[in-house]
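Enquirer: Residue numbers (my numbering), protein chains in the order written: chain A, 5 to 144; chain B, 343 to 781; chain C, 30 to 484. The beta-carbon is built from N, C-alpha and C at its ideal position, and this holds for glycine as well.
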Amino acid sequence: MDSLNLVLCAVAAASLDICALVLILTAYQERSTGKKRWGRMTSFMELADYSVSYPLDCDEILIGRHASADIRLPDLSVSRYHAILTVSNGVWTISDIGSKSGIYVNGNLIKTAQLKENDVIKLGNRRLVFRRKGVYRYEQ
Amino acid sequence: MSNKLTYVFSAIFVLLAHGGMLLNVFFNGNYSSVSSVIILSAAVLFLDIAYFTAMLFFKQNTYAIDFLMILLLNMSVIFQSCFGKVHLSIKHYITCIIALIACRAGYMLCRNHKWLQEQKKFFYIGIVILMVVIITLTGSRSMWISLGPITIQPSEFIKPLFVLACATSIAEQQKKRKVFIFHVVYENLALFGLMAMIFLLQWWCRDLGSLPTFVAIYACGFLLRICYPKAKFSKNKLIAAGTVLLIVAIIGIKFAPSYVQDRLHVDIWGDQSGDGYQQSQALIGIANGGWFGKGPGHGYLHNVFAHNNDIVFATISEEWGLLYALMMVFVILIIVMIPLINPPRSYFHATMATGICASFAVQMALNIFGSCNMIPFTGVTIPFISSGGSSLMVSGLMAGMLIACQSPVFVQSNKTKKKKPVQSVNYPQQQYSPRRESY
Amino acid sequence: MKSIKRCQRLMSLVLILFIIGMVALVVKIYRESSFYMINSDDLSLGKVYDRNGDVLFDGSGKTKFEDNYLIDVGNLIGDDNGQMTNTLVSRNIKRLNNYSFNSGLVSSGGKASIHTTLDHEANRKVYDAFSGQDGCAVAYDYKTGEILVCTSLPSIDVTKGYENIEELRSGTLMSKAMYRTVPGSTQKISTVVAALEIMGPEKLFSKSFSCSGTYENQGGNNIDCHNTYGHGTQNIQQAVENSCNPFFAQLVEDEDFPLKKIKSIYKEMGYTINDDSCGYIDIDGIKCEKASTTLNDPYEFKTQWGCIGQGDTLVSPVQLMMWQSAIANETGKMTMPYLISYTTDVNGKENYSVETEFSDRIFSPDTADTTKQILLTNGENNYSNLIGGYKIGVKSGTAQVNEGKNENSLLVGFVDDEEFPIAFCILLEDKNSTHIKTEYITKVLLDSLNETYSK
Numbered sequence: 005m006d007s008l009n010l011v012l013c014a015v016a017a018a019s020l021d022i023c024a025l026v027l028i029l030t031a032y033q034e035r036s037t038g039k040k041r042w043g044r045m046t047s048f049m050e051l052a053d054y055s056v057s058y059p060l061d062c063d064e065i066l067i068g069r070h071a072s073a074d075i076r077l078p079d080l081s082v083s084r085y086h087a088i089l090t091v092s093n094g095v096w097t098i099s100d101i102g103s104k105s106g107i108y109v110n111g112n113l114i115k116t117a118q119l120k121e122n123d124v125i126k127l128g129n130r131r132l133v134f135r136r137k138g139v140y141r142y143e144q
Numbered sequence: 343m344s345n346k347l348t349y350v351f352s353a354i355f356v357l358l359a360h361g362g363m364l365l366n367v368f369f370n371g372n373y374s375s376v377s378s379v380i381i382l383s384a385a386v387l388f389l390d391i392a393y394f395t396a397m398l399f400f401k402q403n404t405y406a407i408d409f410l411m412i413l414l415l416n417m418s419v420i421f422q423s424c425f426g427k428v429h430l431s432i433k434h435y436i437t438c439i440i441a442l443i444a445c446r447a448g449y450m451l452c453r454n455h456k457w458l459q460e461q462k463k464f465f466y467i468g469i470v471i472l473m474v475v476i477i478t479l480t481g482s483r484s485m486w487i488s489l490g491p492i493t494i495q496p497s498e499f500i501k502p503l504f505v506l507a508c509a510t511s512i513a514e515q516q517k518k519r520k521v522f523i524f525h526v527v528y529e530n531l532a533l534f535g536l537m538a539m540i541f542l543l544q545w546w547c548r549d550l551g552s553l554p555t556f557v558a559i560y561a562c563g564f565l566l567r568i569c570y571p572k573a574k575f576s577k578n579k580l581i582a583a584g585t586v587l588l589i590v591a592i593i594g595i596k597f598a599p600s601y602v603q604d605r606l607h608v609d610i611w612g613d614q615s616g617d618g619y620q621q622s623q624a625l626i627g628i629a630n631g632g633w634f635g636k637g638p639g640h641g642y643l644h645n646v647f648a649h650n651n652d653i654v655f656a657t658i659s660e661e662w663g664l665l666y667a668l669m670m671v672f673v674i675l676i677i678v679m680i681p682l683i684n685p686p687r688s689y690f691h692a693t694m695a696t697g698i699c700a701s702f703a704v705q706m707a708l709n710i711f712g713s714c715n716m717i718p719f720t721g722v723t724i725p726f727i728s729s730g731g732s733s734l735m736v737s738g739l740m741a742g743m744l745i746a747c748q749s750p751v752f753v754q755s756n757k758t759k760k761k762k763p764v765q766s767v768n769y770p771q772q773q774y775s776p777r778r779e780s781y
Numbered sequence: 030m031k032s033i034k035r036c037q038r039l040m041s042l043v044l045i046l047f048i049i050g051m052v053a054l055v056v057k058i059y060r061e062s063s064f065y066m067i068n069s070d071d072l073s074l075g076k077v078y079d080r081n082g083d084v085l086f087d088g089s090g091k092t093k094f095e096d097n098y099l100i101d102v103g104n105l106i107g108d109d110n111g112q113m114t115n116t117l118v119s120r121n122i123k124r125l126n127n128y129s130f131n132s133g134l135v136s137s138g139g140k141a142s143i144h145t146t147l148d149h150e151a152n153r154k155v156y157d158a159f160s161g162q163d164g165c166a167v168a169y170d171y172k173t174g175e176i177l178v179c180t181s182l183p184s185i186d187v188t189k190g191y192e193n194i195e196e197l198r199s200g201t202l203m204s205k206a207m208y209r210t211v212p213g214s215t216q217k218i219s220t221v222v223a224a225l226e227i228m229g230p231e232k233l234f235s236k237s238f239s240c241s242g243t244y245e246n247q248g249g250n251n252i253d254c255h256n257t258y259g260h261g262t263q264n265i266q267q268a269v270e271n272s273c274n275p276f277f278a279q280l281v282e283d284e285d286f287p288l289k290k291i292k293s294i295y296k297e298m299g300y301t302i303n304d305d306s307c308g309y310i311d312i313d314g315i316k317c318e319k320a321s322t323t324l325n326d327p328y329e330f331k332t333q334w335g336c337i338g339q340g341d342t343l344v345s346p347v348q349l350m351m352w353q354s355a356i357a358n359e360t361g362k363m364t365m366p367y368l369i370s371y372t373t374d375v376n377g378k379e380n381y382s383v384e385t386e387f388s389d390r391i392f393s394p395d396t397a398d399t400t401k402q403i404l405l406t407n408g409e410n411n412y413s414n415l416i417g418g419y420k421i422g423v424k425s426g427t428a429q430v431n432e433g434k435n436e437n438s439l440l441v442g443f444v445d446d447e448e449f450p451i452a453f454c455i456l457l458e459d460k461n462s463t464h465i466k467t468e469y470i471t472k473v474l475l476d477s478l479n480e481t482y483s484k
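Structure follows, in structure tokens:
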């Protein structure tokens, strides 16, 4: 194998390498813009406990006591799989999925309800506030 | 868009990567007249630019997979055009264009997962129809239908449908019904039945090569389904079940029919001119190529049957070097790794991406490890690289599905939407975006 | 997000499994590529050298050999055209391949080579000493295991090619030292070893049997002695020196020498008993046949002859020589012989070198010591004038082959010298048709090797 051959192979390989690297970087860039878009699309909402806030990062959020639930509320009054949050057209909806103690939104027992900002959701003994993410920043 | 500059750079680097390859072909390639290289270069660069232009008309959240796909498809055009002698492989070029179109179709169809879920029964029907087609139309227990010059492999088309059938949303898994004493989701039962049917069909057709792909897709779908219903399956139970399956598989192999056994134990070096011909030649080819290859078109493997699909990894290794072939595999891996970097936003899409990932990985494993004699040799194709219309088209479609995972729309279908009043709380402006927002 | 994360974990698992497979594949290809290339049509082979740098084989075909230059070791070294399979080159062709995954196939100027332990000059002299008579001679250093001489006749000049395979005499294209032959009285060494193991030296030396030229055994068959007048009453030392068959027949019949125990000691020594298939000793890939014999009943004719060296007993000269090493070392462990001292890869880098290996203990050091004394005494009493200048322990043998039509002469032994530790085995076929004696060949062998050693 002569040196020219080797150099050209190296050039082709290197250009492919760099290209792959650039495309991975592109994917990472898209990840950050994707996060912003997702927020815009879902109205920048989150669920908040007393101190903990749960991000709403995908379109179906399972709330319950079980370890595999997306939002885990370790409280015996909460069913293992209690409620599911879904988003559509930028509006979040909470639905009961066969819980024992039911869901109260602003004090009303409901099966399915669309959520508005600052709604208080009661699952068993636990209270969650449906609020805007980074709300403090907006108030300033 | 804020990412415009990034995309311009990506496009430039894709062009550079192809340019580097073409340069290599120009200086090291085996060609009689320069015109063949010029035609090849023109075709490749034209397809690049045409696709970049076409992408302008699609408003997507992410374009990384698009860039990776055009990079890979044009790489495969260059590879396939250099086997033996540099000449533009028109057939492969056209199938690549078809694959790109299929990719667009996959993207358009799979964005709205709620709509997809409503269509699920059609996937089942589609698979059943394809299976009937295989049984009735393909002659002599094979998987091929020949229509004049074109041969179609209908079993390939089952793959994307099966991936879609395996995908599921969380809400769906909560619709449990009681059967005897078990809480089950009817769809899981249906899916199991479907898998069993596919298994029987493949067994009957004696085409056990693509069976692992289906099993892998089903296994992923199954694992991601049983995680929810009442969580009966702890990790230990899963490991135990896995072990049992492994033992069953080992016993199954022991008592498998003779034609399977024959394929499992081939001493390729003892039977170099017979059953072991392709693999032994493939290994010799890889050894001959070394790290940097013999140069495009200078290989020997293009004389071997199925050099451009079943043992394509070895053929590329021989001509371009093992390093380059590994990088090609790496690019395919990046495509399926994108959902890891940029996670899908719905469980349905995530399970779909997992199925596609499993399908691609298993196909590559079967092809590459099979041709290198690590596992039994099966005639499975490498996605995007192997020639073969059906396989390329389906790979394109599945890549389109991956793109769709990145750009989902969350809209209810029309009938349910009407019931819902429009929200009128003080939400920020962005919330009143058009209904089919492609964010 | 947990649900999505779960999917991502599963995907990562699939991808990691695949990547592990890929890494395994690359490692496998990298390590085995040289073997793959051997199966390719285009090969570029390097050279084989002897211990002094003489070229014994050149894969490139560029070296011009004189006529009959390699006739002495040609059938051991062999060539690459696939006719001679049990030879050094064809068994080790991978080591000669001028190929590595990093540098590819080097068609000219590759430095892959095998450096053997053979002494070409000594081989040549030993070959000439046979004066064209068929046979073979093999000798090695029983301290290190280096095979120094391994020549076999008839032979052919392999460097000049051989198209007329049908016309060649049988045994031309193989090294006879690796194949079993009738050991004749050299088998008595094994029997002495077995007797010492079972009875111990004192009891064995107290035994004496008489020989009147022939002995009718308890089965009613006659065991003849080569001395038709008989040797009279002898002990074991005298019986070995006289190579007296009736003595050994009576020894086998003796109650203190149960056949069951003989069998187990023979097995330890490497015999295949009552079985046609034989195992192999691996000498750098070359297969050397293991000894075999048939032992059924201590009073049976065939079994008795089996312990004397006729009957069904077959031993390869190399194995006879290896037993000598176990005796000469006084450890009861054989020194494993080898031919390749080191090899170099395509870039000239040394990539393989040997270390001396010993077998498991096949008999006790005491037995080795006593046997050594018996053989040394035999050497001193009967061979000191024929093979002068060396302190040697030997046992000769005469083997009837072709149903008694021909007689082969064998001589196995060792030199008891720390500075010159040589074990050897000479086989001279059809001894009655020539004036050449095995003792003469041994003398030539030791003299020429001594030259090398004293350098």
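Considering Arg136 of chain A, what are the terminal residues of the beta strand (DSSP E) in which it resides?
Expert: Its beta strand (DSSP E) spans residues Arg130 to Arg136.
Enquirer: For His144 of chain C, report the span of its beta strand (DSSP E) as first-last.
Expert: Looking at the DSSP string, the run of the beta strand (DSSP E) that includes His144 of chain C is Ser142 to Thr145.
Enquirer: Look up Ile315 of chain C in the DSSP assignment and say whether it is helix, strand or coil.
Expert: Reduced to three states, the DSSP call for Ile315 of chain C is strand.
Enquirer: List in chain order: all unbroken beta strand (DSSP E) runs of 3+ residues lying wholly within the stretch 335 to 374 of chain C.
Expert: The stretch 335 to 374 of chain C contains these whole beta strand (DSSP E) runs: 362 to 364 and 369 to 373.
Enquirer: Could you tell me the alpha carbon to alpha carbon distance between Thr758 of chain B and Ala532 of chain B, rounded to whole angstroms?
Expert: Residue placement at Thr758 of chain B is poorly supported in this model, since its pLDDT is 45, which falls under 50; the coordinates still yield a value, given next. If you take the alpha carbons of Thr758 of chain B and Ala532 of chain B, they lie about 26 Å apart.
Enquirer: For Ile33 of chain C, which residues in chain A fall below 7 Å Cβ to Cβ?
Expert: In chain order: Cys62.
Enquirer: Distance check for Glu460 of chain B and Ser688 of chain B, CA to CA, integer angstroms please.
Expert: Between Ser688 of chain B and Glu460 of chain B, the C-alpha separation is close to 16 Å.
Enquirer: Counting only runs that start and end within the stretch 267 to 310 of chain C, where is the beta strand (DSSP E) found for 3 or more residues in a row?
Expert: For the stretch 267 to 310 of chain C, not a single whole beta strand (DSSP E) run of length 3 or above is found.
Enquirer: Short check: CB of Leu364 of chain B to CB of Leu382 of chain B, under 9 Å?
Expert: Yes.
Enquirer: Contact criterion: CB-CB distance below 9 Å. Does Ile122 of chain C meet it with respect to chain B?
Expert: For Ile122 of chain C, the answer is no, since every Cβ of chain B falls outside 9 Å of its Cβ.
Enquirer: Check each residue of the stretch 70 to 84 of chain A: if its Cβ is closer than 9 Å to any Cβ of chain C, include it; give the result in chain order.
Expert: Those would be Ala71, Ser72, Ala73, Asp74, Ile75 and Arg76, in chain order.
Enquirer: Please tell me whether Tyr58 of chain A has its Cβ less than 9 Å away from any Cβ of chain B.
Expert: Closer than 9 Å: no.
Enquirer: Run through the DSSP bridge pairs and tell me what Ser99 of chain A is partnered with.
Expert: Ser99 of chain A pairs with A:Ile88 and A:Thr116.
Enquirer: Taking only beta carbons into account, state which residues of the stretch 366 to 389 of chain B come closer than 9 Å to chain C, listed in chain order.
Expert: Those residues of the stretch 366 to 389 of chain B that come within reach of chain C (Cβ to Cβ, closer than 9 Å) do not exist; the list is empty.
Enquirer: Could you tell me the distance, in whole angstroms, from the CA atom of Val383 of chain C to the CA atom of Phe392 of chain C?
Expert: One C-alpha to the other measures close to 25 Å.
Enquirer: What residues of chain B sit near Ser41 of chain C, judged by a beta carbon separation below 7 Å?
Expert: Chain B residues near Ser41 of chain C: Leu682.
Enquirer: Counting C-beta neighbours from all protein chains within 10 Å, is the total for Ile412 of chain B 16 or more, i.e. buried, or is it exposed?
Expert: So Ile412 of chain B counts as buried.
Enquirer: Buried or exposed: which applies to Arg141 of chain A, given that a residue is buried once 16 or more other Cβ atoms fall within 10 Å of its Cβ?
Expert: Residue confidence for Arg141 of chain A is low, a pLDDT of 45 falling below 50, so the modelled location carries little weight; the figure read from the coordinates is stated next. Under this definition Arg141 of chain A is an exposed residue.
Enquirer: Under the DSSP definition of a beta bridge, which residues are partnered with Glu379 of chain C?
Expert: Per DSSP, C:Thr373.
Enquirer: Which one of C:Ser306, C:Gly248 and C:Thr220 has the shortest CA to CA distance from Cys273 of chain C?
Expert: Cys273 of chain C has its Cα closest to that of C:Thr220, out of C:Ser306, C:Gly248 and C:Thr220.
Enquirer: Kindly list the residues whose CB is nearer than 7 Å to the CB of Ala441 of chain B, restricted to its own chain and excluding five residues on each side of it in sequence; keep chain order.
Expert: Contacts found: Leu415, Leu734, Met735, Ser737 and Gly738.
Enquirer: Any idea which residues DSSP pairs Lys424 of chain C with across the strands?
Expert: According to DSSP, which records beta bridges pairwise, Lys424 of chain C is partnered with C:Val441.
Enquirer: Starting from the N-terminal side, write out each stretch of the alpha helix (DSSP H) that is 4 residues or longer and does not extend beyond the stretch 200 to 229 of chain C.
Expert: 216 to 228, all fully within the stretch 200 to 229 of chain C.
Enquirer: Just checking: is the beta-carbon of Leu66 of chain A within a distance shorter than 9 Å of some beta-carbon in chain C?
Expert: True, the Cβ-Cβ gap to chain C drops below 9 Å.
Enquirer: Measure the alpha-carbon distance for Val751 of chain B versus Leu27 of chain A and round it to whole angstroms.
Expert: Taking the straight line from one Cα to the other gives about 24 Å.
Enquirer: For the stretch 53 to 102 of chain C, list the beta strand (DSSP E) runs that are entirely contained and at least 3 residues long, ordered along the chain.
Expert: Whole beta strand (DSSP E) segments, 3+ residues: 76 to 78 and 84 to 87.
Enquirer: Are the C-beta of Gly738 of chain B and some C-beta of chain A separated by less than 9 Å?
Expert: No, because no Cβ of chain A sits closer than 9 Å to the Cβ of Gly738 of chain B.
Enquirer: Taking only beta-carbon atoms, is Met30 of chain C less than 9 Å away from chain A?
Expert: Yes, Met30 of chain C lies at the interface with chain A (some Cβ there is under 9 Å from its Cβ).
Enquirer: Using CA coordinates, which residue listed in C:Met30, C:Ala397, C:Asn110 and C:Gly338 is at the minimum distance from Glu192 of chain C?
Expert: It is C:Asn110.
Enquirer: What are the boundary residues of the alpha helix (DSSP H) that Arg548 of chain B is part of?
Expert: Here Arg548 of chain B belongs to no alpha helix (DSSP H), and DSSP marks it neither H nor E.
Enquirer: State the DSSP-derived secondary structure class of Met113 of chain C, mapped to helix, strand or coil.
Expert: Of the three classes helix, strand and coil, the one that applies to Met113 of chain C here is coil, per DSSP.
Enquirer: Measuring straight from C-alpha to C-alpha, what distance separates Ile674 of chain B and Leu410 of chain B?
Expert: Roughly 8 Å separates the two Cα atoms.
Enquirer: Going by CA-CA distance only, name the one from C:Ala355, C:Lys460, C:Thr471 and C:Ser160 that's closest to Asn414 of chain C.
Expert: For Asn414 of chain C, the nearest C-alpha among the options comes from C:Thr471.
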